[in-house]
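Here is the structure we will look at.
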Amino acid sequence: MPTLFDPVQFGAISADNRILMAPLTRARANRDGVPQAFVKDYYAQRSGAGLIISEATGISRQGLGWPNAPGIWSEAQVEAWKPVTAAVHAAGSKIVSQLWHMGRLVHRSVSGMESVSSSAIQAPHYAHTYEGKKDYVVPHVLTKDEIAGIVSDYAAAARNAIRAGFDGIQLHAANGYLIDQFLRDNSNTRDDEYGGGPENRTRFLNEVLDAVIAEIGADRTAIRFSPNGDTQGTEDSDPATLFDIVARQLAGRGLAFVELREQRPGGTFGNSDVPQVSPSFRRLYDGPLVLNNDITPEMGAEFVESGKADAIAFGRPFIANPDLPLRIKDGHPLATEDYKLWYTNGTEGYTDYPTWEQAQAAA
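Heads up: take any position in the sequence shown, counting from 1, add 2, and you land on the numbering used here.
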């Protein structure tokens, strides 16, 4: 059976190992969504990963509601991403762009536009804004014409990602963002062809998927889901049935991979006792499967060697361990990141974490 350090094929993308860097929002762009120059250093440092999934990247001004997060809808953004992808490739890795529309989790004070969603249901908790935390608002319900416009935005963003040098894209269909808001029955109460039963609730996902595939090909298109439990107020009363349907719909389409970010009891970044769907998804979906969330290196090795997954995406451990794959391979302890510096917009807590070798040399 394969190990974490064996190569793997994700559609058209060849990865040297099965340790992926998961998307991590780091807020190092300017207010126009243009990545700062030092972003290339951050990703190049972490290019020991077989494949990097970029931080969530806005497909449009309307869809980007996180302060200082990057976008990929403008020419300036595309140009700023080119040195990043070039640096990753020069370091020997591959990188895909995670395409993001936040839907009802956008706050007008960040985007300058009203929030939108499948239904007029206010999200719980608070939005992160430039002025601090603010209540979410009741979103505008998307019309069919507006839905078609957002589908076109996804296609344009995928095209821009390839122009920027990315090896492919990942649709962010997880964590309570727009595609997830259409998928789940607690956030989608529509009575048209985009709502009702689970087959209808997958319509938006499949329209986006079709549009992106038409632009860049299925073999450079991946998807991320967070199928079990509540994430940012979005959940489903029957996730097992919903994601069995999704798995069957995706089977045979030749996608690069599907990533499942599954919660577990006592999880550190999402805690749920709702059963995980990955065993059923593995049986029904015939493409590469990546698992994520609170997975230790030991667990990840077992999941790959037993065939439960083809690869493992590690997120937060990559923040303070730019050489994470080597630390895992050699059994070195992992450094801990400083949470206070996750979203500070500068190089501190971003590009200044040493490799194991550098740390030992400095000791």
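No residue lacks a Cβ here, since even glycine has one placed at the ideal position from N, Cα and C.
Which value, in whole angstroms, describes the spacing of the CA atoms of residue i and residue j?
i, j, result
"residue 61", "residue 100", "9 Å"
"residue 183", "residue 105", "8 Å"
"residue 349", "residue 253", "42 Å"
"residue 90", "residue 150", "34 Å"
"residue 440", "residue 74", "Limits of the chain in this structure are 3 at one end and 365 at the other, which puts residue 440 out of reach."
"residue 120", "residue 144", "6 Å"
"residue 131", "residue 279", "33 Å"
"residue 13", "residue 256", "7 Å"
"residue 125", "residue 187", "14 Å"
"residue 346", "residue 27", "11 Å"
"residue 18", "residue 355", "24 Å"
"residue 1", "residue 167", "Since the first and last residues shown for the chain are 3 and 365, residue 1 lies out of range."
"residue 202", "residue 288", "23 Å"
"residue 360", "residue 226", "34 Å"
"residue 67", "residue 113", "6 Å"
"residue 23", "residue 115", "32 Å"
"residue 161", "residue 213", "10 Å"
"residue 285", "residue 331", "29 Å"
"residue 249", "residue 242", "10 Å"
"residue 127", "residue 236", "12 Å"
"residue 343", "residue 134", "16 Å"
"residue 321", "residue 180", "26 Å"
"residue 122", "residue 141", "5 Å"
"residue 228", "residue 263", "5 Å"
"residue 86", "residue 193", "43 Å"
"residue 48", "residue 195", "43 Å"
"residue 176", "residue 208", "14 Å"
"residue 328", "residue 88", "22 Å"
"residue 211", "residue 362", "46 Å"
"residue 39", "residue 29", "13 Å"
"residue 159", "residue 77", "11 Å"
"residue 96", "residue 169", "6 Å"
"residue 191", "residue 238", "12 Å"
"residue 41", "residue 275", "37 Å"
"residue 296", "residue 302", "10 Å"
"residue 258", "residue 283", "16 Å"
Is residue i buried or exposed, if buried means 16 or more other CB atoms sit within 10 Å of its CB?
i, result
"residue 33", "exposed"
"residue 273", "exposed"
"residue 174", "buried"
"residue 270", "exposed"
"residue 199", "exposed"
"residue 299", "buried"
"residue 222", "buried"
"residue 324", "buried"
"residue 146", "exposed"
"residue 155", "buried"
"residue 319", "buried"
"residue 1", "Since the first residue of the chain shown is 3 and the last is 365, residue 1 is not available in this structure."
"residue 81", "exposed"
"residue 309", "exposed"
"residue 265", "buried"
"residue 92", "exposed"
Bridge partners of residue i, per DSSP?
i, result
"residue 292", "261 and 313"
"residue 73", "60"
"residue 16", "11"
"residue 226", "174 and 261"
"residue 99", "171"
"residue 273", "266"
"residue 236", "233"
Which whole-angstrom value is the C-beta distance of residue i and residue j, which I expect to be below 8 Å?
i, j, result
"residue 171", "residue 218", "7 Å"
"residue 326", "residue 312", "That pair is no contact at about 18 Å."
"residue 37", "residue 72", "5 Å"
"residue 260", "residue 224", "7 Å"
"residue 103", "residue 65", "3 Å"
"residue 45", "residue 54", "6 Å"
"residue 307", "residue 25", "In fact, because the Cβ distance is near 25 Å, the residues do not count as touching under 8 Å."
"residue 43", "residue 338", "The Cβ separation is near 21 Å, so there is no contact."
"residue 281", "residue 230", "Wrong, their Cβ atoms sit about 12 Å apart, outside the cutoff."
Is any heavy atom in the ligand FAD found nearer than 8 Å to the beta carbon of residue i?
i, result
"residue 34", "The ligand FAD is not among the ligands present in this structure, which contains no ligands whatsoever."
(request) Output the residue ranges of the beta strand (DSSP E) runs that lie fully inside the segment 18–55 and measure 3 residues or longer, sorted by chain position. (result) Secondary structure in the segment 18–55: the beta strand (DSSP E) runs of 3 residues or longer, each lying completely within the stretch, are 21–23 in chain order.
(message) Going residue by residue through the segment 325–365, where are the continuous alpha helix (DSSP H) segments of at least 4 residues, counting only ones entirely within it?
(response) Considered as a whole, the segment 325–365 harbours 326–332 and 358–364 as its complete alpha helix (DSSP H) runs of no fewer than 4 residues, in chain order.
(request) Counting only runs of 3+ residues fully inside the segment 113–199, write out the beta strand (DSSP E) ranges in chain order. (result) Every beta strand (DSSP E) of 3 residues or more that sits fully in the segment 113–199 is shown, in chain order, as 128–131, 134–137 and 170–174.
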